[in-house]
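Numbering of the sequence shown is given in full-length UniProt numbering, commencing with residue 1 and proceeding in unit increments. Backbone N, C-alpha and C fix where the C-beta goes; we use that ideal spot for every residue, glycine too. Just so it is clear, the structure is predicted and the values come from calculations on it, not from any experiment. Working notes, beginning with the structure itself.
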Amino acid sequence: IDLREVSQKSKLHPKPEGLALQYGTAGFRTDAKHLDHIMFRMGLLATLRSKKTKSTIGVMVTASHNPEEDNGVKLIDPMGEMVTAVWEGYATQLANTEQDSLLKELKDIIEKEDIDMSEPASIYVGKDTRPSGASLSRAVLDGVSSLGGKTHDYGLVTTPQLHYMVCCCNTHGCYGSPTVEGYYQKLSQAFLQLTQNASNRTDDQKRLLVDGANGIGALKMREMEPFLRSKLQVVLSNDSSSGKLNHMCGADYVKVQQKAPQGMNMGVGECCCSFDGDADRIVYYYTDSKGCFHLLDGDKIATLISTYLKELLTQAGLNLQIAVVQTAYANGSSTRYLEDVMKVAVCCTKTGVKHLHHAAQEYDIGVYFEANGHGTVSSLKRAVKLLESTINLINQTVGDAISDMLVIETVLAIRGMSVQDWHAIYTDLPNRQLKVTVSDRRVIDTTDAERRAVTPEGLQDAIDSLVKKYKTARSFVRPSGTEDVVRVYAEADTQENADRLAHEVSLAVYRLAEGVGDEPKPLH
């Protein structure tokens, strides 16, 4: 194996000594200043993955909902899915190898995976609007070319668009045409076809306020508008012409702060939504006549879409199993509504998109949305014309804010529902999320899809007895995937009780799991 060119080029992308990063659910993510060597090495790894799978692999340069100064990188597997766990391990090893052992590490992966280095390699690269994206994506291209791989640089695209391109390429056009135009055409044609069935919509009903998080989603929404032929009238704010990416705007801000983004002029009752920084998450919201803010998160979106699909299946006389996959964070009201009222199967899995996606694929139709607004519908069996356009409208590879927005608008239009009607399907139980800093998050181990703590001893018993004090209450704790904190979730019949329960559970964590700093203060 000739790695001379890698040896030469890697000197242009040196690794700072001692810097260690972990490839997590969202790939690598940190301050853009520390990422040059990582990007070069992910170019190398993507090339090996391409040779191994004999397929095109994607490399997306983005840090999603993180601040503008940060950046990151995610690898995309042949069918547009996240890269496998074993290769996530290789990514971490390769990223953290000191400069002088890089070639040895590469050779190890090549041998372990038995990669034929004479195979061609093809890599699709994309980036979001961060200023650091240009030089960092060049480092990726450098890595690919030093192993003789071919690249197609898509430049500025949303994360889901790059997932779509990779899937189109590897299905030889069956999934669609691997261009941005192909993406807009596929989605808009399906949207126009479906909304034909909802003919008497007023201009008000076609109007949607979109917060583009001052990111790539805003640019791509602008490009897509003409394809929608004013059947959806998008009013775009935070369109990246003046504001800073994700600053006081975007899906994550709205979800966490439970309030409208800055820079958006919302009329009473107007239907609004926010994308995140790379447009793979979406949340909806509106304010009522009393000025109260109402959020429709991933649980509400999953409920809307799954109940619509269930109706379609019934009309078509299809006996297919539809299920909603949730995490422990899903609001208890949504679970009860789906199971008891809609008779839709609900399955609970560990937090993180790859766990949800994997579980969704076990069903004929699997719908999953994390509460934060990342989700999609997977494994749709193409059975009937009615479903066909819905299938085309959904980016089945990954959560996609633009595609999800069009699906939601379609369902609301066909059912003649307002955002208020949708919000009223069920009422969320009041809940509270807190975090407790601990010296080592690994002292907490969980089971039952993260809903019960196994260690430290006595913690789960403490949580159980605290939960018993309140009505319709539940609470769970889980270690963060990224930092030494333990996340606490609690819900109960009133906000005050949810806050109390969350605080009491936080205290139990602090005392039994070696909390750091001052003990948690009550919220009231």
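Taking buried to mean at least 16 other C-beta atoms within 10 Å of its own C-beta, is residue 130 buried or exposed? Residue mapping note: residue 130 aligns to position 130 of the sequence shown, counting from 1. By the neighbour-count rule (16 or more Cβ atoms within 10 Å), residue 130 is buried.
Compare the C-alpha of residue 474 against each of 87, 515 and 430 and name the closest. What you label residue 474 is simply residue 474 of the sequence shown in a count that begins at 1. Here the closest residue by C-alpha is 430.
Between residue 417 and chain D, is there a C-beta pair that is closer than 8 Å? In summary, chain D is missing from the structure at hand, where a single protein chain is found.
If you follow the alpha helix (DSSP H) that residue 221 is in, where does it begin and where does it stop? In the sequence shown, residue 221 corresponds to position 221, counting from 1. Where residue 221 is concerned, the enclosing alpha helix (DSSP H) stretches over 216–224.
Classify residue 364 as helix, strand or coil using the three-state DSSP reduction. Here residue 364 refers to the residue found at position 364 when the sequence shown is read from its first residue. Here residue 364 sits in coil by DSSP.
Rounded C-beta distance between residue 237 and residue 209? I'm assuming under 8 Å. In the sequence shown, residue 237 corresponds to position 237, counting from 1. In the sequence shown, residue 209 corresponds to position 209, counting from 1. That belief holds up - the Cβ atoms of residue 237 and residue 209 are roughly 7 Å apart, short of 8 Å.
For residue 78, count neighbouring C-beta atoms within 10 Å of its own C-beta (all shown protein chains included) and say buried if the count is 16 or more, exposed if not. Walking along the sequence shown from the start, residue 78 turns up at place 78. Answer is buried; the Cβ neighbour count reaches 16.
Need the endpoints of the alpha helix (DSSP H) that residue 394 sits in, please. Within the sequence shown, residue 394 is the residue found at index 394, counting from 1. No alpha helix (DSSP H) holds residue 394; DSSP gives it neither H nor E.
Can you give, in chain order, each stretch of the alpha helix (DSSP H) that sits fully within the segment 228–279 and has at least 4 residues? Entirely contained in the segment 228–279, the alpha helix (DSSP H) runs reaching 4 residues are, in chain order, 251–257.
Can you tell me the Cα-Cα spacing of residue 449 and residue 226, whole angstroms? Walking along the sequence shown from the start, residue 449 turns up at place 449. Walking along the sequence shown from the start, residue 226 turns up at place 226. Each residue's Cα considered, the two are about 44 Å apart.
What distance in whole Å lies between the Cβ atoms of residue 277 and residue 245, which are believed to be in contact at a cut-off of 8 Å? The residue you call residue 245 lines up with position 245 of the sequence shown. The residue you call residue 277 lines up with position 277 of the sequence shown. Correct: roughly 6 Å between the Cβ atoms.
The segment 35–43 touching the segment 70–86, judged by at least three CB pairs closer than 8 Å: Touching, yes.
Would you list, in sequence order, the uninterrupted beta strand (DSSP E) runs of no fewer than 3 residues that lie entirely inside the segment 278–303? As far as the segment 278–303 is concerned, its whole beta strand (DSSP E) runs of at least 3 residues are 282–287 and 293–296.
Entirely within the segment 29–80 and at least 3 residues each: give me those beta strand (DSSP E) ranges in chain order. Fully enclosed beta strand (DSSP E) runs of 3 or longer: 56–61 and 70–76.
Which residue wins for smallest C-alpha separation from residue 243, given the options 211, 404 and 496? Residue numbering aside, residue 243 sits at position 243 when the sequence shown is read from its first letter. The option with the nearest alpha carbon to residue 243 is 211.
Taking the straight line between their C-alpha atoms, what separation do you get for residue 296 and residue 191? Along the sequence shown, one-based indexing puts residue 296 at 296. Along the sequence shown, one-based indexing puts residue 191 at 191. Taking the straight line joining both Cα atoms gives about 21 Å.
Looking at C-alpha atoms only, which residue of 32, 331 and 362 is the closest neighbour of residue 300? Locating residue 300 in the sequence shown gives position 300, where the first residue counts as 1. Relative to the Cα of residue 300, the nearest Cα in the group 32, 331 and 362 belongs to 331.
Compare the Cα-Cα distances from residue 525 to each of 66, 452, 46 and 68 and report the closest residue. As shown, the chain starts at 1 and ends at 524. That puts residue 525 outside it, with no answer to give.
My guess is that residue 160 and residue 403 are in contact by the Cβ rule of under 8 Å, so how many angstroms apart are they, rounded? For the purposes of this step, residue 160 is identified with residue 160 of the sequence shown, where counting begins at 1. For the purposes of this step, residue 403 is identified with residue 403 of the sequence shown, where counting begins at 1. Right, the Cβ-Cβ distance comes to about 7 Å (below 8 Å), so this counts as a contact.
Out of curiosity, what's the CA-to-CA distance linking residue 486 and residue 480? Residue numbering aside, residue 486 sits at position 486 when the sequence shown is read from its first letter. Residue numbering aside, residue 480 sits at position 480 when the sequence shown is read from its first letter. Approximately 6 Å between the Cα atoms of the pair.
Indicate the three-state DSSP secondary structure (helix, strand or coil) for residue 168 in the structure shown. Residue mapping note: residue 168 aligns to position 168 of the sequence shown, counting from 1. Three-state DSSP puts residue 168 in a helix.
What's the gap between the Cα of residue 109 and the Cα of residue 164? The sequence position of residue 109 within the sequence shown is 109, counting from 1. The sequence position of residue 164 within the sequence shown is 164, counting from 1. Distance between the alpha carbons of residue 109 and residue 164 is about 28 Å.
For residue 522, which of helix, strand or coil comes out of DSSP? Position 522 of the sequence shown, counted from the start, is the residue given in the question as residue 522. In this structure, residue 522 counts as coil in the three-state DSSP scheme.
If you run the structure through DSSP and keep just helix, strand and coil, what is residue 448? To locate residue 448, count along the sequence shown from 1; it is residue 448. In this structure, residue 448 counts as coil in the three-state DSSP scheme.
Run the CB neighbour count on residue 326, radius 10 Å, all protein chains shown included, and call it buried at 16 or more, exposed below. Stepping through the sequence shown from its first residue, residue 326 is reached at position 326. Classification for residue 326: buried.
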